[in-house]
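Asker:
Number of protein chains: 2
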Amino acid sequence: MSHPLRLGIAGLGTVGVGVIKIVMQHGDMLRARSGRDITISAVSARSKSKDRGVDLSNFDWEDDPVALATRDDVDVYVELMGGEDGPALASVKAALNAGKHVVTANKAMLAIHGQELAELAEFKGVNLRFEAAVAGGIPIIKSLTESLAGNKITRVMGVMNGTCNYILTRMETAGLPYDEVFEEANQLGYLEADPNLDVGGIDAAHKLVLLSSIAYGTQVDFASAQLQGIQRISIVDIKHAAEMGYRIKLLGVSQMTDAGLIQTMRPCLVPALSPLGLLEGGTNMVIVEGDSVGQIVLRGAGAGEGPTASAVFGDVMDIARGINIPVFGIPAAQLTKSTPADSSGESAYYMRLNLKDKAGAMASASSALADAGISIDKMTQHSSDDNVARVLIVTHPTTGETASKAAQAIENTGVLELPPVVLKIETV
Amino acid sequence: MSHPLRLGIAGLGTVGVGVIKIVMQHGDMLRARSGRDITISAVSARSKSKDRGVDLSNFDWEDDPVALATRDDVDVYVELMGGEDGPALASVKAALNAGKHVVTANKAMLAIHGQELAELAEFKGVNLRFEAAVAGGIPIIKSLTESLAGNKITRVMGVMNGTCNYILTRMETAGLPYDEVFEEANQLGYLEADPNLDVGGIDAAHKLVLLSSIAYGTQVDFASAQLQGIQRISIVDIKHAAEMGYRIKLLGVSQMTDAGLIQTMRPCLVPALSPLGLLEGGTNMVIVEGDSVGQIVLRGAGAGEGPTASAVFGDVMDIARGINIPVFGIPAAQLTKSTPADSSGESAYYMRLNLKDKAGAMASASSALADAGISIDKMTQHSSDDNVARVLIVTHPTTGETASKAAQAIENTGVLELPPVVLKIETV
Chain A
1 MSHPLRLGIA GLGTVGVGVI KIVMQHGDML RARSGRDITI SAVSARSKSK
51 DRGVDLSNFD WEDDPVALAT RDDVDVYVEL MGGEDGPALA SVKAALNAGK
101 HVVTANKAML AIHGQELAEL AEFKGVNLRF EAAVAGGIPI IKSLTESLAG
151 NKITRVMGVM NGTCNYILTR METAGLPYDE VFEEANQLGY LEADPNLDVG
201 GIDAAHKLVL LSSIAYGTQV DFASAQLQGI QRISIVDIKH AAEMGYRIKL
251 LGVSQMTDAG LIQTMRPCLV PALSPLGLLE GGTNMVIVEG DSVGQIVLRG
301 AGAGEGPTAS AVFGDVMDIA RGINIPVFGI PAAQLTKSTP ADSSGESAYY
351 MRLNLKDKAG AMASASSALA DAGISIDKMT QHSSDDNVAR VLIVTHPTTG
401 ETASKAAQAI ENTGVLELPP VVLKIETV
Chain U
1 MSHPLRLGIA GLGTVGVGVI KIVMQHGDML RARSGRDITI SAVSARSKSK
51 DRGVDLSNFD WEDDPVALAT RDDVDVYVEL MGGEDGPALA SVKAALNAGK
101 HVVTANKAML AIHGQELAEL AEFKGVNLRF EAAVAGGIPI IKSLTESLAG
151 NKITRVMGVM NGTCNYILTR METAGLPYDE VFEEANQLGY LEADPNLDVG
201 GIDAAHKLVL LSSIAYGTQV DFASAQLQGI QRISIVDIKH AAEMGYRIKL
251 LGVSQMTDAG LIQTMRPCLV PALSPLGLLE GGTNMVIVEG DSVGQIVLRG
301 AGAGEGPTAS AVFGDVMDIA RGINIPVFGI PAAQLTKSTP ADSSGESAYY
351 MRLNLKDKAG AMASASSALA DAGISIDKMT QHSSDDNVAR VLIVTHPTTG
401 ETASKAAQAI ENTGVLELPP VVLKIETV
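Chains as they are written, first to last, in UniProt numbering: chain A, 1 to 428; chain U, 1 to 428.
#1: Would you kindly work out how many angstroms separate the C-alpha atoms of Glu122 (chain U) and Val78 (chain U), rounded to a whole number?
#2: Could you tell me the alpha carbon to alpha carbon distance between Leu30 (chain A) and Leu261 (chain U), rounded to whole angstroms?
#3: Give the straight-line distance between the Cα atoms of Leu188 (chain U) and Asp198 (chain U), rounded to the nearest whole angstrom.
#4: Tell me whether Met285 (chain A) sits in a helix, a strand or coil according to DSSP, three-state version.
#5: Quick one, which of A:Ser292, A:Glu116, A:Glu305 has its alpha-carbon nearest Lys152 (chain A)'s?
#6: Count Cβ pairs between the region 126-136 of chain A and the region 225-237 of chain A that sit closer than 8 Å; are there 3 or more?
#7: Rounded to the nearest angstrom, what separates Ser310 (chain A) and His240 (chain U) at their Cα positions?
#8: Answer with yes or no whether the minimum CB distance from Pro275 (chain A) to chain U is below 8 Å.
#9: Give the range of the alpha helix (DSSP H) segment to which Val236 (chain A) is assigned.
#10: Pro419 (chain U) to Met351 (chain U), Cα distance in whole Å?
#11: Span of the alpha helix (DSSP H) holding Asn186 (chain A)?
#12: For Lys48 (chain A), tell me which candidate among A:Leu12, A:Leu80, A:Ile40 has the shortest Cα-Cα distance.
#13: Using alpha carbons as the reference points, say which of U:Ile287, U:Ile167, U:Lys356 lies closest to Val297 (chain A).
#14: Please state whether the Cβ-Cβ distance between Pro156 (chain A) and Asn165 (chain A) is less than 8 Å.
#15: List, in order along the chain, the chain U residues whose C-beta lies closer than 8 Å to that of Pro65 (chain A)?
#16: CA-CA distance, Pro65 (chain U) and Ala95 (chain U)?
#17: Mind checking Asn106 (chain A): buried by the 16 CB within 10 Å criterion, or exposed?
#18: Residues of the region 1-25 of chain A in Cβ contact with chain U at a cutoff of 7 Å, in chain order, please.
#19: Please list, in chain order, the chain U residues whose beta carbon lies closer than 7 Å to that of Asp318 (chain A).
#20: Under the assumption that His26 (chain A) contacts Gly150 (chain U) (Cβ atoms under 8 Å), give the Cβ distance between them as a whole number of angstroms.
#21: With three or more C-beta pairs closer than 8 Å as the rule, is the region 268-282 of chain A touching the region 98-117 of chain A?
#22: Counting Cβ pairs, one atom from each stretch, are 3 or more of them under 8 Å apart for the region 339-355 of chain A and the region 412-426 of chain A?
#23: Can you give the beta carbon distance from Lys142 (chain A) to Ser147 (chain U), rounded, assuming they're within the 8 Å contact cut?
#24: Counting along the chain, where does the beta strand (DSSP E) carrying Gln255 (chain U) start and finish?
#25: Do Ala403 (chain A) and Ile374 (chain A) have their C-beta atoms closer together than 8 Å?
#26: Report all residues from its chain with a CB closer than 6 Å to the CB of Gln255 (chain A); omit the five preceding and five following residues, and keep chain order.
#27: I'd like to know if Leu298 (chain A) contacts chain U, where contact means its C-beta is closer than 8 Å to some C-beta of that chain.
#28: Going by Cα to Cα distance, which pick from A:Ala135, A:Thr39, A:Ser234, A:Leu210 is closest to Leu168 (chain A)?
#29: Sorted by chain position, which residues of the same chain lie with C-beta nearer than 7 Å to Asn324 (chain A)'s C-beta, five sequence neighbours on each side aside?
#30: DSSP state of Pro4 (chain A), grouped into three classes?
#31: Relative to the C-alpha of Leu279 (chain A), which residue among A:Thr163, A:His382, A:Val54 is closest?
#32: Listing by chain order, which chain U residues have their CB less than 7 Å from the CB of Ser310 (chain A)?
#33: Any beta carbon from chain A within less than 8 Å of Lys142 (chain U)'s own beta carbon?
#34: Assuming contact is defined by CB atoms lying nearer than 8 Å, are Leu120 (chain A) and Val316 (chain A) in contact in what I supplied?
#35: Taking Gly304 (chain A) as the reference, give the member of A:Ser91, A:Asp28, A:Val134, A:Glu417 with the closest Cα.
#36: Fully enclosed by the region 309-371 of chain U, which beta strand (DSSP E) runs are 3 residues long or longer?
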């Protein structure tokens, strides 16, 4: 029997509490599986007095996460505070510098500082693990880094923000407008303190760029990911998509092409009866394509106390078992800088044009589309109460660049009441 | 850079060839990911002269797999011959005794001899890995053993025989009877040399019992798994199930209850629009439920050159990276003997009764059901061309034991032309 593995946990929100519960409830099981005791030496959070439903009296308390991270009786620093910089980054650096292993759920920090932190961890010979940072309880980091290590990965896709998926599926099932469901989600506590992290696609893109790094051996590059949020998706879009056999999902796509790395996070239409289309509420899904394995689909809860704590603990158990592999699958020093590329290939696009209700508006829009070289597969027009003619279009296959240029050209004609909504139709 | 990891590969069917291709095509990638070269020292198969589409001239040839397994220049013995005993078992034992790591896709061998082999591997301090033995390219062994190591696993379910799933979905889509589709599958080379391994559910049950062992820390126990094959599923069952919103799948369920371990592999009705219901052709799916993670679903190709070679290589890369954890997640000496239990809980059952076309047959069957305490939710009766009245029944929730007893009682009345078909309706 090896000596115990001693944790220091910073951040006692639902996930931190979930991790503590696993330690408290499953001591024998964890010992059998890892060959050693897993213990908690100390914890840290903003409020010491808050009742979190677990007994913290057996653990030391540290107000300062940096102090926690560097304690002599901490082998693994578990960072669950979140935030791109600030105390999370400072304490993780302090832990690594002190030769401690780090397990974190902090996608924002890693999406921005992942390269620097990975280099530091590997220089110090310790683990920096982040299964919990991507898609909650779904074991996607380990699958990509380890199980699929014999594959050249060709594409990674995923629905990885449960809040957005909740909003979109709730709009559809309850027939409620975006603003109302957004407010509902807010009251249910589903939204981040800055809701734009969720609905703007930022949180999901943080996750996607971490997967890209492992998939292609490239340095994490959040800055060049192309983002589009769900804020402008209306119930009309959802209904029209459903009529055509599609559902709208905030979908991330990461693909390495000859031109470079494509990383997009945006609402797309996906076939309603595909695994992605059937995804409800807060459930996440990640799809990985490799040259040997073909397509693998992983599905599970993307957030919440239990699922995220499960992912944190997968990493803790790996460390307890002595597993130590490079943070992003190959040594950080060997990760290459990728060249960002635009979406390649052609696909159909969905467009919603809210035209001013005046003569010639439709003609102007149509000729702008034709000028851009886009041909129309299907088109329906609806009048609404507010003197706006709503035109819903599905194009024949075209490139993303052409679709964007056409939308811009239509907007430039001045016939639109609102900016156009342009969504890719993914065939997945 | 560590010294190379040298493989010896026994069995050069599609999977062995797939493994060789990965080594040949991805040398640089494998070196970057594992920190060392992966090489092949020697290979073995039944026929040396057969053209397999890959150049074997750089590898030594061994006629005897035992000789291959014990060569000084082999670090990892990759056993891809298959078969419960014989050369596979002999060579794996020889490899372990010689202190070689073993990677195998041999579910039959492990389902019967897993405990003995795990004890030997752990005594020798080497790896015995088998990701490729279960559900092809799906990383279920690693997910269960490592990613979910912080969970008490409560249930594992899966569709893990692609051939059966192909037969069942093909019967439905083409409207063809079992015998015809079976012959089709045979000509396509989808069936094992002994087809009963596939259609009898034996191959899938071999896989299920390996998952049970990891999930619950119990010794592999194939002998007490309850098996039912798909041979008696008719197109009528498939059509009737579809009308009610279900599909028939050969589904494995492993569950630890207070009464003991339930392991069943049998055709069941599952909701048509559930992840399991939507599974087509040779695709496999495994569902794992844990106390923290909730439900995780993994889907991918269950067989074939690429997917299975991908799984083999996941294991090879783990060994190259120095990972060594117990074969079934906890040391083999600590695996407990499980008590087999019957299916617990109640559910609805589907029954097909082919009644002799004579007065009173229906009355006898109905009263036998009533006597057994089974009440009927839905019933339809069809006359067929062959003087048989076909009665299709969905029961109200009842236990598996009661459903079986009722079916037996009906058979005992002598009114049936064929034995009854009784299928559980899983709500998943």
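A virtual CB, placed ideally from N, CA and C, is assigned to each residue, including glycine. Please read all numbers here as calculations on a predicted model, not as lab measurements.
Answerer: Per the coordinate set shown:
#1: 17 Å
#2: 21 Å
#3: 14 Å
#4: strand
#5: A:Ser292
#6: no
#7: 40 Å
#8: yes
#9: 235-243
#10: 11 Å
#11: 178-187
#12: A:Leu12
#13: U:Ile287
#14: It should be noted that the sequence gives Val, not Pro, for residue 156 (chain A). Result no, Cβ atoms of Val156 (chain A) and Asn165 (chain A) do not sit closer than 8 Å.
#15: None at all; the shortest Cβ gap to chain U is about 22 Å.
#16: 10 Å
#17: buried
#18: Gly18, Ile22
#19: Glu146
#20: 7 Å
#21: no
#22: yes
#23: 5 Å
#24: 246-257
#25: yes
#26: Arg155, Ile262
#27: yes
#28: A:Ser234
#29: Asn127
#30: coil
#31: A:Thr163
#32: Leu148, Gly150, Asn151, Gly290, Ser292, Val293
#33: yes
#34: no
#35: A:Val134
#36: 349-356
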